[in-house]
Every structure is written in structure tokens, then in C-alpha cells.
Amino acid sequence: MKRLMLVVSVVFIFSGCSSPEPWVKPYERENLSDPVMNIARDPIAAGYHYHVFETRESARGAGAVTGGGCGCN
Amino acid sequence: MKLNYSIFLFALFTLLFTSKAGYAAVLPEERVDLMIHSFDGGGVEVSGPALLIRTNVASNTSVFYNYYVDNISSASIDVELGGSAYDEERVEQSVGVDFLNGKTTMNLSYTDSVENDYKANTLSLGISQDFFGDLSTLSMGYSQGIDSVGSRTGNNPMTFSSELSNIKRQNYRIGFSQILTKNSTISLGWETITDEATEQGGSGVTLNNPYRSYSFGTAGVNRSFAQEIYPSTRTSNALSIRGSYFIDTFKSAIHYEYSRFQDSWGIKSNTFAVSYVYPGKNWILDFRYRYYDQGQADFYRDMFDFANQFTFMARDKELSAFTSTSVGVSASYEFAKNGWGWIDKGSLNLSYDVLNIEYDNFRDARESQSDGSLAGVESLYTLEADIIQAYISIWY
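Chains as they are written, first to last, in this note's numbering: chain A, 122 to 194; chain B, 230 to 625.
This is the structure we're talking about:
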């Protein structure tokens with residue numbers, strides 16, 4: 122039964138589905154390129170906020186900024 | 230800094246000269262930002278200027294320079310318990326370059342930070358590749374930093390004392406961004422960071438702050454202090470999910486974020502953040518909220534039973550359990566939107582945030598300094614701060 126399900130799945134995948142195509146065309150990206158969609162619109166301000174939190178919390182990484190010293194005493 | 234530069238350069242130039250030409254990736258905008266910042270809270274005032282300049286030096290090459298100063302005047306709870314108020318200055322400078330070739334962007338940057346008791350140098354490399362009709366972007370990065378930890382002697386803001394500890398830090402980053410619809414994007418990020426400290430000259434300092442102390446004693450009787458003892462290594466992992474959604478009706482946007490963090494010291498944290506950006510005719514307004522909570526490190530206690538009770542002992546409030554919330558608003562006024570001389574456009578910006586941190590197990594030990602019966606039962610400490618940024622941005 123498991124083997125049958127595997128065969129059916131493989132046949133389904135290769136016969137019924139073609140590789141996906143990009144679904145948002147270049148001419149449909151006007152909203153995405155609007156400045157309000159940039160989460161770090163002003164890098165100097167985003168970097169400062171990251172530094173303020175990083176020096177007072179243990180969490181670090183997966184943010185937008187690297188480097189810097191302590192300045193935390 | 231012992232870096233194998235040849236490996237990075239090989240990878241960088243291999244990608245630079247083998248990727249196919251395209252039109253998706255773009256260089257960062259050419260702009261200059263000049264900022265004055267201020268943090269005021271918990272007995273600490275930090276303010277100073279910052280400058281960020283980014284310009285293109287070729288059709289496929291962008292460079293930047295960042296200058297940032299913290300002028301620190303501190304009478305924090307840590308300082309009051311372990312010494313006297315002080316002033317110091319931290320100067321951070323960064324330079325970097327971005328190369329663009331088709332759908333591939335590579336970046337290289339170097340950051341130098343100097344205080345009278347702390348020096349940090351960081352070299353970062355990164356690469357990102359657009360694919361799948363430019364709906365997807367994969368990025369990777371590596372950084373290596375060397376920190377030199379010293380101890381203040383006197384109050385000279387720029388004189389570095391003898392080295393107490395040397396820290397090697399390595400960051401490994403990977404990220405994936407995806408355009409979901411014509412109005413929404415999402416991105417995932419992962420970063421692993423390792424620290425390796427080498428004690429210098431029998432100082433007893435590894436990854437700890439040399440001015441901080443752990444506390445021990447008997448509740449209701451007395452509280453004493455001794456130099457903290459930290460592990461010499463730390464490894465942390467952080468995962469972030471960020472998304473943005475464009476609201477057609479108001480031509481505005483919502484941004485949201487969740488991050489999960491944990492490290493080899495037993496600290497776990499969650500971050501939730503949401504912001505709303507609303508554009509007017511010449512204005513852009515930002516409203517934001519951020520929530521952060523963390524659990525304590527395995528070797529943290531507000532008050533140990535006796536000296537040298539465990540191998541590692543700390544009482545840094547940053548390693549305690551706490552909840553941090555911040556609310557902020559920014560206003561940007563755009564000028565010269567149609568250009569003026571060599572300026573393409575500009576903006577004047579003012580930003581204000583209120584930060585509140587409530588500690589779950591870090592007590593205000595100042596209360597028991599003159600009354601031993603309060604030891605271990607003092608009020609839980611809270612920190613409130615005002616954060617202000619004012620800056621001008623010019624695109625050219």
C-alpha cells in the first residue's frame with residue numbers, strides 16, 4: 122500500500138505539475154518599490170535603533186547591522 | 230586579526246565574474262545622512278553626531294563611510310554600586326564597498342570602534358543573489374571581529390589602559406527574501422555568533438565587563454560584592470521572520486517582525502515588532518511598537534548564597550530575566566522633491582521613542598547599601614528612557 126501511494130505521488134508530481142513560474146511580473150512591482158515598503162528606509166536611523174537595543178539586551182544577530190563596540194556600562 | 234583573506238577574495242571574485250548579467254539587483258542609493266542622537270534613561274545620557282555617506286564610484290560599485298560618536302555620561306545603577314560617575318567617548322568608523330554584477334551583489338566592510346576601555350575591529354563580507362524571476366533573494370555573510378577589553382584609568386576619554394581580555398568573534402549569516410504578491414514580501418534570517426575570550430595577564434576577565442560584580446550574602450542581613458566570573462566562550466543563534474504589506478487604499482505599509490534567540494548560556498528571548506508607515510503629500514509618518522522578553526542566563530543570580538558558590542557567577546542586568554517595550558514615532562518632511570541643483574531630493578527627520586524595561590529578578594541593590602535588612606528584598610529595578618534622533622538626508 123505504501124509503495125502504491127509512493128508511485129501515485131510521483132506520477133502526480135511529474136504529470137500534473139510543471140515547474141512554477143514567477144507570479145509577480147516586473148511591471149506589477151510598483152507598490153513593492155515604494156519607499157514606505159523599505160523596513161530600513163533610512164539606514165542611519167535603523168542602525169542606531171539596533172545599537173540601542175543590542176547594548177541593553179542579550180539577543181544579538183539576524184538584524185541589520187554588524188560591528189561596533191560596547192558603550193554599555 | 231588572523232583572517233584567511235584569500236578564501237574570501239576567491240569566493241568574491243569567482244561570483245563576480247561568473248554570474249550572468251541581469252537587471253534585478255541595484256546598488257544602494259547615493260545619499261548623505263547627518264544625525265544627532267540622544268539616549269537619556271537609567272542615569273545614563275548618551276548623545277552625539279553621526280554621518281553616513283554613500284556614493285557610486287563606478288556603474289557597478291558603491292562605497293560608504295560611516296562616522297558615529299557616543300558621548301557617554303554615566304551614573305547608572307551599575308556605576309553607583311561599583312564606582313563613581315564617569316564621562317567617556319566612543320568613536321566608531323566604518324568603510325565599505327558594494328559590487329554589483331547582474332543579479333549578484335557583494336559587499337565588504339570594515340568597522341573600527343574605540344573607547345578608552347574597549348576597542349573593536351570587525352571585517353564583514355556578504356553576497357546576495359536574485360533568482361526565480363527576481364522574486365527570490367538568497368544572501369550569506371561572514372564577519373570576524375577582534376575586541377580588546379581594558380579598564381579605565383582616570384577619566385581621560387580616549388586613553389586606552391592595559392588589556393584585560395581579548396575576544397575573537399565570528400558571525401555566520403544566511404537570509405532568504407521572497408516577493409509573495411504585488412503587495413507583500415517576507416524574509417527569513419539566521420545568524421550564528423561565536424565568542425572566544427582569552428584572559429590577559431591573570432585579570433580574571435573573559436567575556437565579562439570588568440566593572441561589574443556579582444552579589445552574595447544573606448537575605449535580610451547583608452549583601453556583598455565580588456568580581457564576576459564568566460565562561461570564556463559563548464555561542465548564540467538567532468532566527469528572524471520579517472514581512473511587509475502594502476495597503477493600496479492609503480498607499481501606506483505595515484511591517485512586522487518576530488525573532489527568536491538562544492545561546493549557550495541558557496538565555497532565550499523573543500522579539501515582536503510592528504510598524505505602520507503613512508505617507509502624506511510631503512510627509513512620511515512612522516508609528517512603531519516593539520516587545521522583547523528574555524529569560525536569565527544559567528549563571529545569573531541577583532544574590533548568591535556565598536562567595537565562589539559556583540564556577541561561573543554573574544549579576545549583569547542584561548543577563549537577568551526582563552521584559553522590554555518601546556513605542557516610537559518618526560516624522561519625515563520631504564523637500565526638493567523635484568530636484569534642486571545637484572540634489573535629487575531631501576528630507577528632514579525627527580524620531581522619538583520611549584523605552585521601558587522591567588526586570589524580573591534584578592533588584593535595586595542601592596536600597597540596601599545603607600540598610601542591610603533590605604538585602605535581597607529590595608525593589609525590582611526598572612529603566613525608562615527617552616530616545617531622540619534628528620537627521621537630514623540628501624539624495625544626489
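Cβ coordinates follow ideal geometry from the N, Cα and C atoms, glycine included.
Original post:
What separation, rounded to the nearest whole angstrom, lies between the Cα atoms of residue 528 of chain B and residue 494 of chain B?
Top reply: When the Cα atoms are used, residue 528 of chain B and residue 494 of chain B turn out to be separated by approximately 8 Å.
Subject >> Backbone CA spacing between residue 598 of chain B and residue 271 of chain B [nearest angstrom] >> reply: When rounded, the separation of the alpha-carbon atoms in residue 598 of chain B and residue 271 of chain B is 18 Å.
**OP:** Could you tell me whether the Cβ of residue 331 of chain B comes closer than 8 Å to any Cβ of chain A?
**Re:** Taking Cβ atoms only, chain A never reaches closer than 8 Å to residue 331 of chain B, which makes this a no.
Subject >> Buried/exposed call for residue 484 of chain B, threshold 16 Cβ in 10 Å >> reply: Residue 484 of chain B comes out buried.
**OP:** State yes or no: is the beta carbon of residue 618 of chain B nearer than 8 Å to at least one beta carbon in chain A?
**Re:** Cβ-Cβ to chain A under 8 Å: yes for residue 618 of chain B.
Original post:
Is DSSP giving residue 397 of chain B helix, strand or coil here?
Top reply: Annotated three-state conformation of residue 397 of chain B is strand, per DSSP.
Original post:
Closest Cβ-Cβ distance between residue 387 of chain B and chain A: below 8 Å?
Top reply: Low per-residue confidence applies at residue 387 of chain B: pLDDT is 49, beneath 50, and the placement is therefore not dependable, though the value from the model is reported in the following sentence. Not closer than 8 Å to any Cβ of chain A, the Cβ of residue 387 of chain B fails to qualify, so no.
Original post:
Taking Cβ to Cβ, would you say residue 500 of chain B is nearer than 8 Å to residue 487 of chain B?
Top reply: Here residue 500 of chain B is near residue 487 of chain B, since their CB atoms are less than 8 Å apart.
Original post:
Using 8 Å as the limit for Cβ to Cβ distance, is residue 304 of chain B near chain A?
Top reply: Chain A, which has no Cβ nearer than 8 Å to the Cβ of residue 304 of chain B, makes this no.
Original post:
If you run the structure through DSSP and keep just helix, strand and coil, what is residue 177 of chain A?
Top reply: Note: residue 177 of chain A maps to coil in three-state DSSP.
**OP:** Grab me the residues of residue 413 of chain B's own chain with a C-beta within less than 6 Å of its C-beta, minus the 5 sequence neighbours each way, in chain order.
**Re:** Scanning its chain for C-beta atoms nearer than 6 Å, with the 5 sequence neighbours on each side dropped, one finds around residue 413 of chain B the residues 474, in chain order.
Subject >> Boundaries of the beta strand (DSSP E) in which residue 557 of chain B is found, first to last residue >> reply: Element bounds for residue 557 of chain B: 551-564.
Subject >> Integer-rounded CB distance, given that residue 343 of chain B should sit under 8 Å from residue 320 of chain B >> reply: The Cβ separation is near 5 Å, so the contact holds.
Subject >> Segments assigned beta strand (DSSP E), at least 3 residues, entirely inside the segment 424-488 of chain B >> reply: The qualifying runs are 442-447, 451-456, 462-476.
Subject >> Residue span of the beta strand (DSSP E) that contains residue 317 of chain B, given as start and end >> reply: For residue 317 of chain B, the uninterrupted beta strand (DSSP E) segment begins and ends at 315-330.
Original post:
Does the distance from the CB of residue 492 of chain B to the CB of residue 506 of chain B come in under 8 Å?
Top reply: In this structure, residue 506 of chain B does not lie closer than 8 Å to residue 492 of chain B by Cβ.
Original post:
What is the DSSP secondary structure of residue 307 of chain B, reduced to helix, strand or coil?
Top reply: Here residue 307 of chain B sits in helix by DSSP.
Original post:
What does residue 521 of chain B touch in chain A if you count any residue whose Cβ is under 9 Å from its own?
Top reply: Going along chain A in sequence order, the residues near residue 521 of chain B (Cβ under 9 Å) are 174, 178, 180.
Subject >> Buried versus exposed call for residue 312 of chain B [16 or more other C-beta atoms within 10 Å across all chains shown] >> reply: So residue 312 of chain B counts as exposed.
Original post:
Between which two residues does the beta strand (DSSP E) harbouring residue 626 of chain B extend?
Top reply: Nothing about residue 626 of chain B can be read from this structure; chain B reaches only from 230 to 625.
Original post:
What residues in the segment 153-170 of chain A bring their beta carbon closer than 7 Å to a beta carbon of chain B?
Top reply: Contact residues of the segment 153-170 of chain A toward chain B are 153, 155, 157, 158, 160, 163, 164, 165, 166, 169 (C-beta to C-beta distance below 7 Å).
**OP:** Report yes or no: do the segment 601-617 of chain B and the segment 260-275 of chain B share at least 3 C-beta pairs separated by less than 8 Å?
**Re:** In the pairwise beta carbon analysis, the segment 601-617 of chain B is classified as touching the segment 260-275 of chain B: at least three pairs are separated by under 8 Å.
Original post:
Between which two residues does the beta strand (DSSP E) containing residue 342 of chain B stretch?
Top reply: Run containing residue 342 of chain B: 333-343, per the beta strand (DSSP E) assignment.
Original post:
Touch check for the segment 417-426 of chain B and the segment 155-163 of chain A: three-plus C-beta pairs under 8 Å?
Top reply: They do not touch, by the three-pair rule.
**OP:** Report the three-state DSSP secondary structure of residue 409 of chain B (helix, strand or coil).
**Re:** Looking at residue 409 of chain B - three-state DSSP - the assignment turns out to be strand.
Original post:
Could you check where the beta strand (DSSP E) with residue 376 of chain B kicks off and where it finishes?
Top reply: Taken as a continuous stretch (DSSP letters only), the beta strand (DSSP E) holding residue 376 of chain B covers 365-379.
**OP:** Verify the CB distance criterion: does residue 367 of chain B have a CB-CB separation below 8 Å to chain A?
**Re:** So, not an interface residue.
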